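Colleague: Below is a structure I'd like to ask you about.
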Amino acid sequence: MIVAKFGGTSVADAAAIANVVDVIAGKQASGPVVVVVSALGGTTNVLLDLAHKAAGGELLSALQLVEQLRDRHLREVRALLDGSTEAADLALEIGASFEELAHLAEAFRTLGYLTPRSLDTVAALGELLSSQIVAAAFRHRGYPAVWVDARDVMKTNDFFTRAEPDVEAIALASQQLLLPLLQQGKIPVMGGFVGAAPGRVTTTLGRGGSDYSASLIGAAIEATAIEIWTDVDGMLTADPRVIPGARLIERISFDEAAELAAFGAKVLHPATIAPAVQRGIPVFVFNSRKPDGKGTMIAFDAPRLAVRAIAGKRSTTLVKLRSSRMLLAPGFLRRVFEVFETHRTSVDVVTTSEVSVSVTLDDATNLGAILQDLAAFGDVAVERRSGIVAIVGAGIADGSRAIADALIALGPIPVYMASLSATGINFTLVIDDEQVVPAMQRLHAAFFEQAS
Ligand code: ADP
Ligand code: ASP
Ligand code: MG
């Protein structure tokens, strides 16, 4: 049994969706498959944008976006299913969904604000529709696909916009819903990203969360592999949008892949690895445009290298707390970190000295409240335009020269914080936001582009 997840570009239009059917058709001989799909590429951004526009009083622009999205979905359905009865049913469903969305937009305009819960209702529409379209495309081509509403399987808590999975409930629902379909030789097709809190209230797992859906389902059905099909050849030595010469990584450890994802490699949602590790299920990353490519295999073991890849993240926030009371005060750090916990904000990089603590935050939504609470401990300074670069490799701390080479490679780029993970596989540097790209170029050149 495998779970195959196709991202937004892999289901962007009728041609891409037809390709998904071909990819899965080629695999079916080797065993049952659950298909997880993202929204048609770019849809989630437009959905969130139109909700914000409506709440901000720009109802007309919001309604125009609703219409554009509806037309796009209808066009792809026509192109995929030309004239079948299923096309007519789906067109009705799509029409009704967008009519409801237009009503929601009007309600947002009247209210003048959005709640995380209403944002999730809007954002989920992309995957709820794309998955129905993909299921219909399979059937139209003669494959026994069945649409599964993700809200019946992906059980979560009600932390809207970044809901956390209820792993036991997901396992139970998967066994009750997905396994019987697989046993009957059917292909379950469901949307990623979307879940439901108790009471079947729609939630989402956070941006990019379809990868996480796939690995949660993979763990729940004890799949033999989780496949992430995307628009690049696999995990590469750096983001190819920043480093066009980045190279394919054929095999990488779970630990290294998790660090890369957490420190900016968007190809995998950061939470994807954990469910796979727990069950020891390998994760593969493939290019849906080159289905015969080697891809990347993520598993427990991989050849040990000093540096496997480089990641970078822009727009992070650096918070520095200075407190003379910290000196010899047991429990001080715990109390500082409780502030971040209270405001549900996770910390990326941490360094401490006897009188100071510095942390970086990815998500600064609750920064105001955090700063207020931290002020009780001492002087707080904030640098909003920070960035991070990380070198990741199981052998960084093996007495190799990797750390020295990284610092030399950065040359004149100022470094504000440096941190080597306890596991020795991640060396992270905090730098200015606008230095992230040049720093990645320098590091990639030093570690991967030297003539050997
Ligand atoms: P999908 O829509 O399929 O989920 P994403 O856009 O979320 O695709 O992720 C794929 C993108 O991740 C690639 O186009 C690439 O620009 C980016 N990326 C960042 N770091 C890496 C990396 N180390 N290896 C591969 N891709 C990366
Ligand atoms: N469609 C969602 C997003 O754009 C989830 C995903 O594609 O993984 O964030
Ligand atoms: Mg993604």
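Read in order, the letters of the sequence shown are residues 1139 to 1590 in the numbering used here. Every residue gets a Cβ at the ideal spot worked out from N, C-alpha and C, and that includes glycine. Owing to the predicted nature of the structure, the values given are computational and were not obtained by experimental measurement.
Give the single residue among Met1328, Asp1296, Ala1274 whose Cα lies nearest to the Cα of Ala1288.
Modeller: For the residues Met1328, Asp1296, Ala1274, the minimum Cα distance to Ala1288 belongs to Met1328.
Colleague: Do you know offhand how far Arg1247's Cα is from Glu1492's?
Modeller: Straight-line Cα distance between these residues: approximately 51 Å.
Colleague: Considering Cα atoms alone, identify which of Val1445, Ala1535, Leu1512 is closest to Glu1584.
Modeller: Inspection of the sequence shows that residue 1584 is occupied by Ala rather than by Glu. Of Val1445, Ala1535, Leu1512, the residue nearest in Cα terms is Val1445.
Colleague: Any heavy atom of the ligand MG within a distance shorter than 6 Å of the CB on Gly1346?
Modeller: Within the cutoff, so yes.
Colleague: Compute every distance between the C-beta of Arg1379 and the non-hydrogen atoms of the ligand ADP, then say whether any falls below 6 Å.
Modeller: Yes - the ligand ADP has a heavy atom lying nearer than 6 Å to the Cβ of Arg1379.
Colleague: In terms of alpha-carbon separation, which member of Phe1470, Gly1145, Lys1165 lies closest to Gly1180?
Modeller: Nearest option by C-alpha distance: Gly1145.
Colleague: Looking at C-alpha atoms only, which residue of Asp1290, Gly1337, Arg1255, Ala1399 is the closest neighbour of Ile1526?
Modeller: Ranking the options by Cα distance to Ile1526, first place goes to Ala1399.
Colleague: Check whether the segment 1300-1317 touches the segment 1227-1238, taking contact to mean three or more Cβ pairs, one atom from each stretch, closer than 8 Å.
Modeller: No: the two stretches stay apart, fewer than three of their Cβ pairs being nearer than 8 Å.
Colleague: Apart from the five residues on each side of it in sequence, which residues of its chain come closer than 6 Å, Cβ to Cβ, to Gly1346?
Modeller: For Gly1346, where only same-chain residues beyond five positions count, the Cβ hits under 6 Å are His1407.
Colleague: What are the residues that DSSP puts in a beta bridge with Ile1508?
Modeller: According to DSSP, which records beta bridges pairwise, Ile1508 is partnered with nothing at all.
Colleague: Buried or exposed: which applies to Ala1513, given that a residue is buried once 16 or more other Cβ atoms fall within 10 Å of its Cβ?
Modeller: That one is exposed.
Colleague: Below 8 Å on the Cβ atoms is my contact criterion, and I expect Val1284 with Lys1324 to pass it. Report the Cβ-Cβ distance as a whole number of Å.
Modeller: Rounded, the Cβ-Cβ distance is 5 Å, consistent with contact.
Colleague: Is Ile1563 near Glu1397, with beta carbons less than 7 Å apart?
Modeller: Yes; because the gap between Cβ atoms is below 7 Å, this pair is in contact.
Colleague: Using the beta-carbon count (16 or more within 10 Å), is Pro1382 buried or exposed?
Modeller: The residue is exposed, with fewer than 16 neighbouring Cβ atoms inside 10 Å.
Colleague: Kindly give me the distance between the Cβ atoms of Ala1357 and Ala1409, rounded to whole angstroms, as I take these residues to be in contact under 8 Å.
Modeller: So it is not a contact: roughly 12 Å between Cβ atoms.
Colleague: Report, in whole angstroms, the separation of the C-beta atoms of Ser1524 and Thr1498, which I expect to be a contact under 8 Å.
Modeller: Yes, they are in contact, since the Cβ atoms of Ser1524 and Thr1498 sit about 6 Å apart, within 8 Å.
Colleague: Between Val1159, Leu1567, Val1173, His1190, which lies nearest to Ser1348 when the distance is taken from Cα to Cα?
Modeller: It is Val1173.
Colleague: Would you kindly work out how many angstroms separate the C-alpha atoms of Pro1254 and Ala1226, rounded to a whole number?
Modeller: When rounded, the distance between both Cα atoms is 33 Å.
Colleague: Give every residue of the same chain whose Cβ lies closer than 6 Å to the Cβ of Val1627, excluding the five residues on either side of it in the sequence, and list them in chain order.
Modeller: The structure shown has nothing for residue 1627, since the chain only spans 1139 to 1590.
Colleague: With a threshold of 6 Å, establish whether the CB of Thr1362 neighbours any heavy atom of the ligand ASP.
Modeller: Result no, Cβ not under 6 Å from the ligand ASP.
Colleague: So, with DSSP's three-state summary, where would you put Thr1490?
Modeller: Note: Thr1490 maps to strand in three-state DSSP.
Colleague: Taking 8 Å as the threshold, find out whether the segment 1502-1521 comes into contact with the segment 1450-1457 through three or more Cβ pairs.
Modeller: Yes, they touch.
Colleague: Using 10 angstroms around the beta-carbon of Arg1580, count the other beta-carbons present and answer buried if the total reaches 16, otherwise exposed.
Modeller: Flag for Arg1580 reads buried.
Colleague: Could you work out which residue in Ser1426, Asp1439, Pro1429 is closest to Gly1418 when comparing CA atoms only?
Modeller: With distances taken between Cα atoms, Gly1418 lies closest to Asp1439.
Colleague: Below 8 Å, how does it come out for the segment 1295-1308 and the segment 1267-1281: are there three or more Cβ pairs, yes or no?
Modeller: Result no; under three Cβ-Cβ pairs closer than 8 Å.
Colleague: If you compare alpha carbons, which of Ala1261, Ala1154, Thr1368, Thr1147 is closest to Ala1189?
Modeller: For Ala1189, the nearest C-alpha among the options comes from Ala1261.
Colleague: Output the distance between the C-alpha atoms of Phe1392 and Ala1437, rounded to the nearest integer angstrom.
Modeller: Looking at the two C-alpha atoms, the distance is approximately 5 Å.
Colleague: At what residues does the alpha helix (DSSP H) containing Gly1164 begin and finish?
Modeller: Where Gly1164 is concerned, the enclosing alpha helix (DSSP H) stretches over 1152-1165.
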